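Adding 24 to a residue's 1-based position in the sequence shown gives its number in my numbering. For glycine and all other residues, C-beta sits at the position ideal for the given N, C-alpha and C. Note that this is a predicted model, so its numbers are computed, not measured. For reference, the structure discussed in these notes is given below.
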Amino acid sequence: GWPLALRLVKKIEEIEGSKIPVFPLDITYYRDDLEKDDRAPLAVQNFDYNIKDKTVILVDDVLYTGRTVRAALDAIVDQGRPKNVELAVLIDRGHRELPIRADFIGKNVPTSRSERISVQLIETDNINQVVITE
C-alpha cells in the first residue's frame, strides 16, 4: 500500500495546497499468519508525527480477509491513540474473515477464493494495472 499511499498524498497535496504527513507501516510482527519464531523482533516504529487525536487513513491495495488491516490497526495503536482510523483500498475483493470494512474503495471486484488479484503500479512495476489470475 505504500506506493499507492504516496500517490494519493501527492494528489491530495496538489488539490489542497498543503503538506500531509505520510508514513510507511511495518506490520510484520503483528501478523497472525506467521509463526512467532518467523517474525523479526519487534522494532519500535516511531513516527515523526504525533497521531494522538488525529485522523489516520490507512491505505492498502487489496482488501481481502481483513487480517492485514487488523495487523496494521495494532501497529497504529502502538504509536498512540488516533481520533479515528479510516481505511482506503484500491480493490475490495470480499471474503472477509474479520469484521473490517473500507471507508474508501476504488473498485469492488468480487472474486472466488481461488483467484488472486495483483495490483501493479507504475512506481514499482512500470505499469498501472490490476490482474486477476486463477
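- Is it the case that the Cβ atoms of D85 and I129 are separated by a distance below 9 Å? Not in contact: D85 and I129 (Cβ atoms no closer than 9 Å).
- Task: To the nearest angstrom, report how far apart Q153 and P106 are at their CA atoms.
- Result: Those two C-alpha atoms are separated by around 33 Å.
- Task: Could you pull out every unbroken alpha helix (DSSP H) segment of at least 4 residues lying fully inside the segment 76-117, listed in chain order?
- Result: Runs of the alpha helix (DSSP H) spanning 4 or more residues and lying entirely within the segment 76-117 occur at 91-101, in chain order.
- Message: Considering only DSSP beta bridges, list what K131 is partnered with.
- Response: DSSP lists I115 as partners of K131.
- Query: Looking at V80 and E121, is the spacing between their C-beta atoms short of 9 Å?
  - Reply: It is not a contact, given that the beta carbons lie outside the stated cut-off.
- Query: Three-state secondary structure (DSSP) at I141?
  - Reply: DSSP places I141 within a strand segment (E or B) once states are collapsed to three.
- Query: Just checking my contact of I124 with V93 at CB under 8 Å: how many whole Å lie between their CB atoms?
  - Reply: Yes, I124 and V93 are in contact; Cβ-Cβ is about 5 Å, under 8 Å.
- Query: Is the CB-CB distance between L145 and V83 below 9 Å?
  - Reply: Cβ distance not < 9 Å, so L145 and V83 don't count as in contact.
- Between the Cα of D56 and those of E37, A95 and G25, spot the shortest distance and give me the residue it belongs to. When only C-alpha atoms are compared, the closest one is A95.
- Message: Please identify the residue among V113, G118 and L49 whose C-alpha is closest to the C-alpha of V101.
- Response: Selected option, being the one with the closest Cα: L49.
- Query: Relative to the C-alpha of A126, which residue among D72, A112, G25 and V133 is closest?
  - Reply: Answer by Cα proximity: A112.
- Run of the beta strand (DSSP E) containing I156, from where it starts to where it stops: Run containing I156: Q153 to T157, per the beta strand (DSSP E) assignment.
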